[in-house]
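Mapping of the sequence shown onto this note's numbering: position 159 corresponds to residue 740, and the numbering continues sequentially without gaps.
Beta carbons are placed, not taken as given, at the ideal position from N, Cα and C, and that holds for glycine.
Quantities reported herein were computed from a predicted structural model and do not represent experimental measurements.
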Amino acid sequence: RQMSYILSVKPGSHEKLFASLDKDLTQSRMKHLTIEEEIGDKIKKKRIHEFRFINKILLNHSHLDFSVNFLDYWETTQWVDRKGNLKETKKRFSWVTDFELTNDNVMKIMRGGRARWKIENETFNTLKNQGYEFEHNFGHGYKNLSNNFAHLMMIAFLFDQMQEMSCKLFQQALKFRFNKRCSLWEALQGMYKIAFYFKHKFESWTDFLSLLVNREIERQNTS
Numbered sequence: 582r583q584m585s586y587i588l589s590v591k592p593g594s595h596e597k598l599f600a601s602l603d604k605d606l607t608q609s610r611m612k613h614l615t616i617e618e619e620i621g622d623k624i625k626k627k628r629i630h631e632f633r634f635i636n637k638i639l640l641n642h643s644h645l646d647f648s649v650n651f652l653d654y655w656e657t658t659q660w661v662d663r664k665g666n667l668k669e670t671k672k673r674f675s676w677v678t679d680f681e682l683t684n685d686n687v688m689k690i691m692r693g694g695r696a697r698w699k700i701e702n703e704t705f706n707t708l709k710n711q712g713y714e715f716e717h718n719f720g721h722g723y724k725n726l727s728n729n730f731a732h733l734m735m736i737a738f739l740f741d742q743m744q745e746m747s748c749k750l751f752q753q754a755l756k757f758r759f760n761k762r763c764s765l766w767e768a769l770q771g772m773y774k775i776a777f778y779f780k781h782k783f784e785s786w787t788d789f790l791s792l793l794v795n796r797e798i799e800r801q802n803t804s
């Protein structure tokens with residue numbers, strides 16, 4: 582089954598697509614929508630959502646049989662600061678999608694596109710910069726070695742996410758002791774080496790983390 586998509590596009594990487602938006606034929610088919618809303622609790626702000634969209638437009642001139650639906654979006658936020666000055670911020674985003682665009686769904690498509698960027702950015706930033714070494718060269722070896730290394734990294738990331746959601750000791754270690762994942766990983770590696778050197782055996786993962794957080798082993802009540 583073919584999967585649907587909402588993909589970000591930019592003028593620099595999709596010159597033909599954006600150039601075609603200014604043509605008369607395209608302009609006649611282009612639809613526009615503006616939505617205003619009030620946001621903020623302490624400081625009231627006005628947010629203006631401006632959309633322009635068109636269905637069935639060529640992504641490029643190399644694949645004349647492949648068309649996409651294009652959504653352009655501007656977000657303008659206006660407010661008055663405490664000194665009485667008018668402030669304004671503007672952002673622009675653009676996407677292509679296989680979902681047919683209408684006045685009723687462009688807001689939802691926009692939010693989906695922005696959420697996708699947020700998820701990917703946070704995930705890959707963590708994998709690249711917080712000790713998982715995602716940018717490390719996994720290409721050494723033959724056949725499936727690089728894939729196996731990448732899969733092991735993702736499994737480790739999955740288990741760490743589960744601990745971060747449900748394990749209080751892990752949360753304390755990450756938040757109060759080390760603040761950064763890479764610092765926590767360095768501490769864990771150091772404890773592994775010390776335990777190996779002194780031939781110390783931990784009875785559980787709880788003992789290991791409690792020693793890291795509390796500097797003493799937390800004994801479980803089994804009575």
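Same chain, Cβ closer than 6 angstroms to residue i, neighbours up to 5 away in sequence not counted
i, result
"K597", "N641, H642"
"K782", "none"
"R628", "E618, I620, T658"
"T607", "S601"
Distance, residue j Cα to residue i Cα
i, j, result
"L639", "S648", "4 angstroms"
"L793", "E767", "12 angstroms"
"F674", "R633", "11 angstroms"
"W676", "H732", "30 angstroms"
"Y586", "T678", "5 angstroms"
"K625", "R692", "22 angstroms"
"R697", "T683", "20 angstroms"
"N760", "T707", "13 angstroms"
"I616", "G694", "18 angstroms"
Beta-bridge pairing of residue i - partner residues as DSSP gives them
i, result
"F730", "Note: F730 sits in no beta bridge, so no partner."
"S643", "BP columns for S643 are empty, so no partner."
"N650", "T678"
Residue range of the beta strand (DSSP E) that includes residue i
i, result
"E784", "Careful: E784 lies outside any beta strand (DSSP E) and carries neither H nor E."
"I775", "It is not in any beta strand (DSSP E) - I775 instead sits in the alpha helix (DSSP H) that spans 762-778."
Span of the alpha helix (DSSP H) around residue i
i, result
"L598", "596-601"
Beta-carbon proximity list for residue i, same chain, < 8 angstroms, skipping 5 on both sides
i, result
"N650", "F634, I635, N636, K637, I638, V677, T678, D679, F680, E681, L682"
Going residue by residue through the stretch 654-723, where are the continuous alpha helix (DSSP H) segments of at least 4 residues, counting only ones entirely within it? Entirely contained in the stretch 654-723, the alpha helix (DSSP H) runs reaching 4 residues are, in chain order, 687-710.
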